[in-house]
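Reviewing the structure listed below.
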Amino acid sequence: MELDAKIPEAPIEDMWNTHKEHMRLVGPRNRPHYKVIVVGTGLAGASAASSMAAMGYHVESFCFQDSPRRAHSIAAQGGINASKDYRNDGDSTYRLFYDTQKGGDYRSREANVWRLAELSTDIIDQAVAQGVPFAREYGGMLANRSFGGVLVERTFYCRGETGQQLLLGACSALANQIHAGGVIMHTRKEMLDVVIIEGRARGIVTRDLVTGALESHAADAVVLASGGYSNVYYLSTNAKGCNVTATWRAHKRGAGFANPCYNQIHPTCIPVSGEYQSKLTLMSESLRNDGRIWVPRQASDKRSPSDIPDAERYYYLEERYPRFGNLVPRDVASRNAKEVCDDGLGVGPSGLGVYLDFKDAIQDKGDDVIGSRYENLFEMYEKITGESPWNTPMRIFPAPHYTMGGLWVDYNLMSNLPGLFAVGEANFSDHGANRLGASSMMQCLADGYFIIPLTIGDYLSRYEYGDVDTSHPAFADAEREAKGRLDRMLSIQGSETVESLHRELGRVMWDHCGIARNAEGLKEAITKIPEIRDRFWNNLRITGSGAQLNQTLEHAGRLADFLEFSELMCRDALARNESAGCHFREEHQTKEGEAKRDDQNFSHVSVWEHQGTDNEPLMHKEPLSFEALPLAQRNYKT
Amino acid sequence: MSRLGNLYQSVIGKKAIVAVTGSIMIGFLLLHGWGNLKVFSGATAAGVPEVDVYADFLRTMGVPILPYGSALWIIRIVVLVSLILHVICVVQLARHNRKARPVHYKHARNFEEATLPARAMIYTGSIVVLFLGFHLAQFTVGGVGSAPFVQGDVYGNLYGAFQHPVYVALYVGVMAVIGIHLYHGAWSLFQTLGWDNPDRNKSLRMLSVALGVGIFLAFSAIPISFFSGEMNKPSLQHADTSSRSNK
Amino acid sequence: MNFTLRIWRQTDANTDGDLETYKVQDIEPTCSFLEMMDILNERLTERNVEPVAFDSDCREGICGMCSMVINGKPHGPKDGTTTCQLYMRHFEDGDEITIEPWRSAAFPVTRDLIVDRSAFDRIMQAGGYVTVHSGPKPEPNAIPIEPSIAEEALDAACCIGCGACVAACPNGAAMLYTSAKVSHLGLLPQGQPERFERVQKMVHQMEAEGFGSCRNYAECEAACPKEISIKFIGRMNRDFLKSTLILPNNPRGKMDSQ
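Next up, the structure:
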């Protein structure tokens, strides 16, 4: 596997511009001849598809939901960062780059991160032009708020539904292009395989989720915007349908999978209430701006929170990290919550929860201010738990939320397979070992609006258009394989349900490859996962047929891929014998219990190559260099 | 004209036509009610009931620019055209709506916001149309109803008709139906034409209540008053009505 | 808790369906409605009965995918929530619960409780956008927007496209949805150049999809999980009437020669 990141030869601040200036282009008259497939319609997919179509490329867009607008980007709550420096607090491209690189614990590619910071301001301009109703100040100027892990206010927001508004913006551009004929939209179609011909990605195989029909689609390039894999834990903040299938299938066809062990556990989610629970709900991290996190100082204190005097409350983040307090990065906040709960200080019926208290903020700032900031989040919490944060502290606990790992891509967002691109959460590129709040949407939109529309032309211009269609035998082969897998699943007729097996996998992953990991646990997981996989392939029960709308079959297909992928995740976590960002290896911590990197041995991206189902995957390394920002121990204490 | 055609072609446009024609008819009702209330104004020095004077005014209105009686006919035609358009659009919309919701829910429906008057619009409206035929036959054309009909003798005709409890009950009943129709219709027209908004909503709602109740009270006061004996018998010296003076 | 469920079962768009009765036992009150459905489906699978197909994805009330008419009310008895935000504690032990799909000619049933809502997407495609390419844009603070306008636009833009308004409307009208989409962009300065063309295109598409007409019942507002106000319907009517009766019919006509 060849890993050439294709980082342009230029000083970091000129890199993107230099690269743009030297890129090969496709002329406007030729663009309609080139066909590009985009899988997924979240922020990255919708923005990529609409931008490319607006340039003139012939785009086919796919989503498994019934409408592009339902992709899970819609659920992002808090906001989107941009280094506009509207608050005059010294923000700049460098500072956003610095924060992202430091937040990612120096495990991302500098060139990509710089470009992301550079493009962040354009995203806001673009979104406003589309009619995204960002919050405004009284004078009509755009409002900002602060977010975890940074010391400036650079987050733009629309109440608690920034993701929905940004996605509606991107989807409106997509709708425009569908209407204009530039994009052919396929809803309720799930990608089951990518087709590689002579080393280049030339199309995909999909299943029509309503009729069950398998279809081949040929193209000159394939862009995966299929999101992350947090549902490997079964319980996560992701939508039920989120899955790893598209990226895993690409991996099995030869694409490198980078840093699969990097996954973020979000600190502010509503705790689990029972075995039947199907998903975890995130409460926006913005709550940490005004909420104070605490647990009782005394273990298993069963008093009601209002009866616990201040002196007996342990505001552990404020005490441990006086400079950042409740606004430490997500990984730090999550790990600390787990630690206090492990010490028996956790609250709620399960003991797996900490308080997030607004009493002081309400007293200091008044009902109106707090209401205007958090009212809908408070309502949402009350809807779920039946308790009002106005009267009693919220209970929160970490939950899997975002995956920094993904398909390896170069500076052009192309994987090691020519013609196969990955954008948004599906790639590994910009967040290193931990993503800062309000930066996922930034990355998705930078990829989709500004990067891929240019880099795809650079790739396409090197090839003749339309030289492959679906009559190529590779498509028939891929369809046959996909059908074989579906038929096999349907024919098992065992006794275990997909849900129960997925829950079991999730439990193994949460226990052994969750907030904190150790070699022993990971090895145990690596032996347990194949055992669940065996039961899946020998004792699964799916009713109905493949020639109909069959949601159990859809879920089973996704779980089959999670069952293979989860093993790779554990192997990666085991191989990364250091702590970095969200990847916390218990063996590697400072005296204060902080993540301790091993820059000597692990300043690289781990890129895994598939070696067949029965063989162990092969790891390659893309070394990371730190020129613009020298390596330093991450410190949020002083 | 193509603009009106476009308006008529669209569902929102049809609704607007219903709203505009409805408001024309409301205007007519207000005028009609104001005129009717003149039965309580007594008679002129010559002994002609004020309401008859008013009836005569309706015919002489616009003279000499317009021929005698034509202004009244213009009003009648405008109202009639409004009524016809109102009914046609409503019927077309109702058919369109039935097609839009071909399958009903099995579980009984609990309306939350839709008031009974709102849901009964088509029924209250139909009752009013049927009643209108009767009403015109009784008091405009004549020949229906028990009392002898005399053109121009409004007071006398009313008096004659409303000695019968059946007519009194019918008129009071239908006025209530009209009031109910207007309770939803009057507010609804503001919403349809886009003049409703949350700041005004409360006032508009009150206005429609006032209109519904007001129209009901104004119109039903007449039959009740005649029936209850509050009103004087028609005067015998009515100038224009020879048949009456023969009595 | 125990419940008796009467659920609409239908194999596909071309087959007739009917209500089937199922009993579910031992449900925790903290269980969400859809989790109760998951439990039912798991138990049905164990009994070799095909599970009930229903749409859901984010399960936090924002994607707009879940769509069940519960006891005659879209998204169930609680105001301002989607089906996925409904909890079994909102019901009484022993309740009989009837679950049906959205009903509208424009939303044909795909299977069981799943309907095809692509009509909504086509309304958006007809004009629910500001025509703008990706690329450098003017500084957004160059056009100040009064916060109250931005907030009102957001009140409209918070529509999640679930279709409960259509399901609740006795006429199967999509006025609330369309008006929310029209108003979101129509209120903002960025949406002004295409404001009247947009309302024409979207309303015509809405009518072409076979949605019914508005009778100002406001049932849509009552069912809307985001509690979007019918004031936007009035607003859309005004814009539509204005553009139909007063504004130039073909504003682009002048551009033809260019």
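Residue numbers (our numbering), protein chains in the order written: chain A, 549 to 1186; chain B, 13 to 259; chain C, 43 to 300.
A virtual CB, placed ideally from N, CA and C, is assigned to each residue, including glycine.
Worksheet item: In three-state DSSP terms, what is Thr940(A)?
Response: Counting from 1 along the first sequence, the entry for residue 940(A) is found at position 392. Note: Thr940(A) maps to coil in three-state DSSP.
Discussion item. What are the residues in the stretch 152-168 of chain C lying within 8 Å of chain A by C-beta distance?
Written reply: Thr152, Arg153, Ile156, Asp158, Arg159, Ser160, Phe162, Asp163, Met166, Gln167 and Ala168
Discussion item. Applying the 10 Å Cβ sphere with the 16-neighbour rule, what's the burial state of Tyr582(A)?
Written reply: Stepping through the first sequence from its first residue, residue 582(A) is reached at position 34. With 16 or more Cβ atoms within 10 Å of its Cβ, Tyr582(A) is classed as buried.
Discussion item. Once the 5 residues before and after Trp662(A) are set aside, which same chain residues still bring their CB inside 6 Å of it?
Written reply: As a first step, residue 662(A) is located in the first sequence; it is residue number 114 there, counting from the start. Excluding sequence neighbours, Trp662(A) sits near Ile560 and Phe645.
Item to complete: Output yes if chain C places a C-beta closer than 8 Å to the C-beta of Pro210(B); else output no.
Response: In the second sequence, the residue the question calls residue 210(B) occupies position 198. Interface residue, yes.
Item to complete: Label Lys259(B) either buried or exposed according to how many other C-beta atoms from any shown protein chain fall within 10 Å of its C-beta, with 16 as the threshold for buried.
Response: Here residue 259(B) refers to the residue found at position 247 of the second sequence. At Lys259(B), the pLDDT of 32 sits below 50, so the modelled position is not reliable and the matter cannot be decided from this model.
Practice prompt. Along the alpha helix (DSSP H) that carries Leu227(C), what are the first and last residues, could you check?
Written response: Within the third sequence, numbered from 1, the residue matching residue 227(C) stands at position 185. Met217 to Leu229 is the span of the alpha helix (DSSP H), which, as asked, contains Leu227(C).
Worksheet item: Apart from the five residues on each side of it in sequence, which residues of its chain come closer than 8 Å, Cβ to Cβ, to Ser720(A)?
Response: Reading the first sequence from its first residue, position 172 is the one you call residue 720(A). So the qualifying residues of the chain are Gln678 and Gly679.
Item to complete: Reducing DSSP to helix, strand and coil, say where Met739(A) ends up.
Response: In the first sequence, counting from the first residue as 1, residue 739(A) sits at position 191. Correct three-state label for Met739(A): strand.
Worksheet item: On the three-state DSSP scale, how would you describe His132(C)?
Response: Within the third sequence, the letter at position 90 stands for residue 132(C). Three-state DSSP puts His132(C) in a helix.
Worksheet item: Within the 8 Å Cβ cut-off, does Gln812(A) reach chain C?
Response: On the first sequence, residue 812(A) is found 264 positions in, with the first residue counted as 1. Answer no: the Cβ-Cβ gap between Gln812(A) and chain C never drops below 8 Å.
Worksheet item: Is any beta-carbon of chain C found at less than 8 Å from that of Met831(A)?
Response: Taking the first residue of the first sequence as position 1, residue 831(A) is located at position 283. It does not: the Cβ of Met831(A) has no partner Cβ on chain C nearer than 8 Å.
Worksheet item: To which residues does DSSP link Ile628(A) through a beta bridge?
Response: In the first sequence, counting from the first residue as 1, residue 628(A) sits at position 80. According to DSSP, Ile628(A) bridges with Phe704(A).
Worksheet item: Under 8 Å, do Tyr260(B) and Asp64(B) count as touching if we go by C-beta distance?
Response: Past the boundaries of the shown model lies residue 260(B); chain B is included only from 13 to 259, so the question cannot be answered.
Worksheet entry | Supposed close pair Gly214(C), Gly254(C) - CB separation, criterion 8 Å | Counting from 1 along the third sequence, the entry for residue 214(C) is found at position 172. Counting from 1 along the third sequence, the entry for residue 254(C) is found at position 212. That belief holds up - the Cβ atoms of Gly214(C) and Gly254(C) are roughly 4 Å apart, short of 8 Å.
Worksheet entry | Environment of Ile44(C) [buried if 16+ CB atoms lie within 10 Å] | As a position in the third sequence, residue 44(C) is number 2, starting the count at 1. Looking at the sequence shown, residue 44(C) is not Ile but Asn. It counts as exposed.
Worksheet item: Would you call the stretch 777-790 of chain A and the stretch 931-948 of chain A touching, i.e. three or more CB-CB distances under 8 Å?
Response: yes
Worksheet item: Mind checking whether Met110(C) and Thr123(C) have CB atoms under 8 Å apart?
Response: On the third sequence, residue 110(C) is found 68 positions in, with the first residue counted as 1. On the third sequence, residue 123(C) is found 81 positions in, with the first residue counted as 1. Going by C-beta atoms, Met110(C) is not nearer than 8 Å to Thr123(C).
Worksheet item: By the criterion of Cβ-Cβ separation under 7 Å, what are the contact partners of Cys256(C) in chain B?
Response: Residue numbering aside, residue 256(C) sits at position 214 when the third sequence is read from its first letter. Correct list: Lys27.
Discussion item. Is Arg237(C) close to chain B? Criterion is C-beta to C-beta, closer than 8 Å.
Written reply: Position 195 of the third sequence, counting from 1, holds the residue named residue 237(C). Taking Cβ atoms only, chain B never reaches closer than 8 Å to Arg237(C), which makes this a no.
Discussion item. By alpha-carbon positions, which one of Ala168(C), Ile202(C) and Lys65(C) ends up nearest to Met222(C)?
Written reply: Translated into the one-based positions of the third sequence, residue 222(C) becomes position 180. As written in the sequence, residue 222(C) is Ala, which differs from the Met given in the question. Ala222(C) has its Cα closest to that of Ile202(C), out of Ala168(C), Ile202(C) and Lys65(C).
Discussion item. Please list, in chain order, the residues of the stretch 682-716 of chain A that have any C-beta partner in chain C closer than 9 Å.
Written reply: Phe682, Ala683, Arg684, Glu685, Tyr686, Gly687, Gly688, Met689, Leu690, Ala691, Cys706, Arg707, Glu709, Gly711, Gln712, Gln713 and Leu716
Fill in: Cβ shell of Ile275(C) (< 7 Å), same chain only, five flanking positions each side left out
Here residue 275(C) refers to the residue found at position 233 of the third sequence. Excluding positions up to five away in sequence, the list reads Met217, Leu218, Ser221 and Cys256.
Discussion item. If contacts are defined as beta-carbon pairs under 8 Å, then Val607(A) and Gly730(A) qualify, I think. What distance do you get, rounded to the angstrom?
Written reply: As a working mapping, residue 607(A) is identified with position 59 in the first sequence. As a working mapping, residue 730(A) is identified with position 182 in the first sequence. Between Gly730(A) and Val607(A) the Cβ distance is about 6 Å, and since that is below 8 Å, they are a contact.
Worksheet entry | 8 Å Cβ shell around Val1046(A) - same chain, five flanking residues per side excluded | Here residue 1046(A) refers to the residue found at position 498 of the first sequence. These residues qualify, in order along the chain: Leu1088, Ile1090, Thr1100, His1103, Ala1104 and Leu1107.
Worksheet item: So, helix, strand or coil for Glu142(C), using DSSP?
Response: Translated into the one-based positions of the third sequence, residue 142(C) becomes position 100. Reduced to three states, the DSSP call for Glu142(C) is strand.
Worksheet item: Can you list, in chain order, the residues of its chain whose CB lies under 6 Å from that of Lys243(C), leaving out five sequence neighbours each side?
Response: As a working mapping, residue 243(C) is identified with position 201 in the third sequence. Excluding sequence neighbours, Lys243(C) sits near Ala168 and Gly169.
Fill in: Selection from Glu124(B), Lys118(B), Lys111(B) and Ala120(B) that minimises the alpha carbon distance to Ala148(C)
Your numbering for residue 148(C) matches position 106 in the third sequence. The residue with the shortest Cα to Cα distance from Ala148(C) is Lys111(B).
Discussion item. Give me the subset of the stretch 617-628 of chain A whose CB atoms are less than 7 Å from a CB atom of chain C, sorted by chain position.
Written reply: Arg617, Arg618, His620, Ile622 and Ala623
Worksheet entry | Residue from Ser1009(A), Gly776(A) and Cys1118(A) with nearest C-alpha to Arg577(A) | Along the first sequence, read from residue 1 onward, the residue named residue 577(A) stands at position 29. Minimum Cα distance to Arg577(A) is reached at Ser1009(A).
Worksheet item: Does the distance from the C-beta atom of Ala188(B) to that of Phe151(B) stay below 8 Å?
Response: Within the second sequence, residue 188(B) is the residue found at index 176, counting from 1. Within the second sequence, residue 151(B) is the residue found at index 139, counting from 1. No.
Worksheet entry | Within chain C, partners of Lys118(B) - CB distance below 7 Å | Within the second sequence, numbered from 1, the residue matching residue 118(B) stands at position 106. Neighbours of Lys118(B) on chain C, chain order: Leu61, Thr140 and Glu142.
Worksheet item: Quick one: what's got a C-beta closer than 6 Å to Ser257(B)'s C-beta in the same chain, skipping five residues either side?
Response: The residue given as residue 257(B) occupies position 245 in the second sequence. Note that Ser257(B) scores a pLDDT of 36, beneath 50, so its modelled location is shaky and nothing firm can be said.
Worksheet entry | Closer than 8 Å to chain B by CB, Pro189(C) | Numbered from its first residue, the third sequence carries residue 189(C) at position 147. Answer no: the Cβ-Cβ gap between Pro189(C) and chain B never drops below 8 Å.
Worksheet item: Run through DSSP, which three-state label would Ile288(C) get?
Response: As a first step, residue 288(C) is located in the third sequence; it is residue number 246 there, counting from the start. It is coil, neither helix nor strand.
Practice prompt. Mark Glu1027(A) as exposed unless 16 or more other C-beta atoms lie within 10 angstroms of its C-beta, in which case mark it buried.
Written response: By one-based count along the first sequence, residue 1027(A) stands at place 479. It is buried - the Cβ of Glu1027(A) has at least 16 other Cβ atoms within 10 Å.
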